[in-house]
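Please read the structure below before turning to the comments.
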């Protein structure tokens, strides 16, 4: 059994970013990589700037002047190196989605890339970020001047000025994508307008749908496991148990904990359909939605058993799960991979929404956390997520900040280390 | 437990079609209604032409001349009646997605509708079908002259001529949607380019994703259950049994049966992950893909039981399932509604693809068939789908044609009528 809910991926996609500097191209490219990697689709970004810096580490704006022949030669050479590494990655490492992160602002440059790709029987998909939202551009300029290796060690004001001049050089030759015979997506002020041209494959349409749903307004996501449950006390997995008295105490304290972190921002609470998450969210004075997709990983035949029971009754399964916890599927139940696939609409909706608090279960929380924090699959099922703790995720331009807020209410630990034998949970 | 994998829908959407006559607006509107209804989202189309015909049953092209004040008055009156019925439907029948099917080709007309909707606190979504593909337009003109009530009983050539003149009147005043402050989707030559502006809600984004994936090339879909299995012989449900000898005979004959119907068209075969569909498809000389989403409805605790066993051991469940088979969820298993939700990506991919043969299971086949044939939820779980039969679906402009091709191989009947007691299957 192959076990894929999604269609098998039998094509490679070469995504070519397009846009002036400071239009969020790298951010978008990295989000695509993170999203696809989370779905077990091998994706990688090839940033032409990194190749260019090997020769020219700290160029001034003049380097990007279209009349600077030497600059033009070096930039093209960097693009060639990036593209050739991308093709090597497709061939040698079985890459599926390669992203060329560069400005590619002229028709002739795009036509050159198109030819190279088509010679390889690859029809590239151009993703343009077009933006005239001054706030967004300013924010990006600030990010670049403080984070770009091009300006390391320079005075921030000088850097910003130089960067603006660089942008001006690009603006002189910029041609927005209008070529009707190519596959492209144009994002106008991310989240505002999207133009989609000649999308062909399933995977392309998935990427487009993801891009369609992105926005860049600042917002936070809060995650919490349900409060301690009767099953947690008994060391049992699965089921639909009520909260323990300490779990109920967490539910009572959660509004205060939440208010402290959320402040006056509008918030929506998502729970699973299981009693322990709904009882945990009961006192939260916000709009609440229930998702079946947030239900705990289905342990199938092992539902309601303790780890000790499982080790005793199904020793081979117990060992197999330790061996590859991400892929291991309980008999009649689910694997972490299965959970990720059913969580995909949740992630999509999270991208669309603003402030959300999710009250859910250990395995589900691990999967959602893995998406935002880019945790690899061999680690995500082993992450420790304690009970009675509120986690705040704040997506920033190139990373996500995490804050953990612990309620002062004891709870059993439901964590079992890899390779350890099953023991009764300790208080 | 609410059991919705999808987010609960808490908003209403008013979809306003835009486009010249013969651009497939009604087809698109009806596809949206069919898709949403299948997902249990209440949707309805309000066709302004039907309201206009109450006053003016067989107008000539001049009726649509922008300088014809009386025609203009009657057309606006029809639009008002349709809109007011739509609002009544929202309010009284709890409608979720109402579609106004009309040309709405001028900015002033759209602005008028926008005002009416905004007064009701509804932000409408405009869906424009823009088309300069002459073949597509010609095909639509042929459809209209033969099917439109406007031309009933008229000479087809005269009708076609008049219809072209009607289109010309519209062309004189047509303004494509460019208003940046409204929510819209513009489909350029369906399937070729899509422009998306200010999409806001989750449900809107689902509709847009659906529209993005539509194409209008002619194609067919073939459906078959797996051949008779050992479990079928024993009257058991679920499981992962091998084919019976008669089932294996069906597998051997399927390539010939398929070839007869498919001819030389390219074809891809989709199967579930269960042995009985893969054994059935084994000899088919086409590319094959395996989808877990095509697996049979999960009977949970009843997996591997006969209907007799279920009636005996779980009499209340047995009766509850008869009462509402669509909603009934087996303990630890699935309902038809659950299956529809997991089939949604399959339907989306079917819309994208061309010729596909799906070898799957009784309940899954019922759900897919219900989508194409618009079968209501109280009937779809009770449809008889015999074993050893190939079903061909041919989507046409306003309906889907069905052909059933029976292999001459006997099989048990797995059909149980509503309200009947469980009996051993008869040969």
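Protein chains in written order, with our numbering: chain F, 143 to 569; chain G, 143 to 569.
All C-beta atoms in this analysis are idealised placements derived from N, C-alpha and C, irrespective of residue type, glycine included.
Asked, Found
"Is residue 337 (chain F) close to chain G, meaning its C-beta is less than 8 Å from at least one C-beta of that chain?", "yes"
"Residue ranges of each alpha helix (DSSP H) run of no fewer than 4 residues wholly in the region 153-218 of chain F, ordered along the chain?", "167-180 and 190-197"
"With a CB to CB cut of under 8 Å and the five nearest residues on each side skipped, what residues in its chain are close to residue 421 (chain G)?", "368, 369, 384, 385, 389, 390 and 393"
"Taking DSSP as the reference, what is the three-state secondary structure of residue 312 (chain F)?", "helix"
"With a threshold of 6 Å on Cβ separation, who are the neighbours of residue 411 (chain G) within its own chain once the five nearest residues in sequence on each side are excluded?", "423, 426, 428, 430 and 499"
"Under 8 Å, do residue 354 (chain F) and residue 347 (chain G) count as touching if we go by C-beta distance?", "yes"
"Helix, strand or coil: which one does DSSP assign to residue 263 (chain F)?", "coil"
"Below 8 Å between beta carbons is the criterion; list the residues of the region 296-324 of chain F that meet it against any residue of chain G, in chain order.", "322"
"For a contact meaning CB atoms closer than 9 Å, what does residue 354 (chain G) contact in chain F?", "338, 341, 347, 350, 351 and 354"
"First and last residue of the beta strand (DSSP E) that includes residue 500 (chain F)?", "498-502"
"Suppose only complete runs of 3+ residues qualify. What are the beta strand (DSSP E) ranges in the region 497-537 of chain G, listed by chain order?", "498-502 and 531-537"
"Cutting at 6 Å between CB atoms, please list the residues of its own chain near residue 407 (chain F), excluding the five before and the five after it.", "497"
"Residue 344 (chain G) versus chain F: which residues are under 7 Å apart at the beta carbon?", "491 and 494"
"Note the first and the last residue of the continuous beta strand (DSSP E) segment covering residue 430 (chain G).", "429-432"
"Compare the Cα-Cα distances from residue 520 (chain F) to each of F:171, F:179 and F:175 and report the closest residue.", "F:179"
"Under three-state DSSP, which class holds residue 339 (chain F)?", "strand"
"Whether or not the region 300-316 of chain F and the region 188-196 of chain F are in contact is what I'm after, with contact meaning three or more pairs of Cβ atoms, one per stretch, closer than 8 Å; do they touch?", "no"
"Name the residue from G:205, G:475, G:237 and G:494 whose alpha carbon lies nearest to the alpha carbon of residue 443 (chain F).", "G:475"
"Around the Cβ of residue 295 (chain F), are there at least 16 other Cβ atoms within 10 angstroms (buried) or fewer (exposed)?", "exposed"
"Do you know how far the Cα of residue 160 (chain G) is from the Cα of residue 223 (chain G)?", "18 Å"
"Quick check: the Cα distance between residue 378 (chain F) and residue 379 (chain G), rounded to an integer number of angstroms?", "30 Å"
"Rounded to a whole number of angstroms, what is the C-alpha to C-alpha distance between residue 563 (chain G) and residue 531 (chain G)?", "26 Å"
"List, in order along the chain, the chain F residues whose C-beta lies closer than 7 Å to that of residue 334 (chain G)?", "340"
"Would residue 93 (chain G) and residue 547 (chain G) qualify as a contact pair, given that the criterion is a beta-carbon distance under 8 Å?", "This structure gives no information on residue 93 (chain G), because the portion of chain G shown stretches from 143 to 569."
"Can you tell me which of G:231, G:197 and G:234 puts its alpha carbon nearest to the alpha carbon of residue 218 (chain G)?", "G:197"
"Should residue 156 (chain G) be listed as close to the ligand ZN, given that the test is whether its C-beta is under 7 Å from any heavy atom?", "The ligand ZN is not among the ligands present in this structure, which contains no ligands whatsoever."
"Comparing alpha-carbon positions, which option in F:206, F:495 and F:551 lies nearest residue 359 (chain F)?", "F:495"
"I believe residue 506 (chain G) touches residue 413 (chain G) by the beta-carbon criterion, under 8 Å. Please report the beta-carbon distance rounded to the nearest angstrom.", "Not a contact, Cβ separation roughly 11 Å."
"Identify whether residue 268 (chain F) lies in helix, strand or coil by the three-state DSSP scheme.", "strand"
"Please return the same chain residues whose Cβ sits closer than 7 Å to the Cβ of residue 200 (chain G), not counting the five positions on each side in sequence.", "292"
"Could you tell me the alpha carbon to alpha carbon distance between residue 254 (chain G) and residue 473 (chain F), rounded to whole angstroms?", "59 Å"
"Going by beta-carbon coordinates alone, are residue 325 (chain F) and residue 339 (chain F) separated by less than 8 Å?", "yes"
"Using a Cβ-Cβ cut-off of 7 Å (strictly less than) and excluding sequence neighbours within five positions of residue 171 (chain F), which residues of its own chain qualify?", "159, 187, 241 and 243"
"Between residue 181 (chain G) and residue 515 (chain F), what straight-line distance do the alpha-carbon atoms span, to the nearest angstrom?", "33 Å"
"Kindly indicate the opening and closing residues of the beta strand (DSSP E) around residue 452 (chain F).", "From DSSP, residue 452 (chain F) is part of no beta strand (DSSP E) but of the alpha helix (DSSP H) over 449-455."
"Do you know whose CA, among F:553, F:504 and F:216, lies nearest residue 387 (chain F)'s CA?", "F:553"
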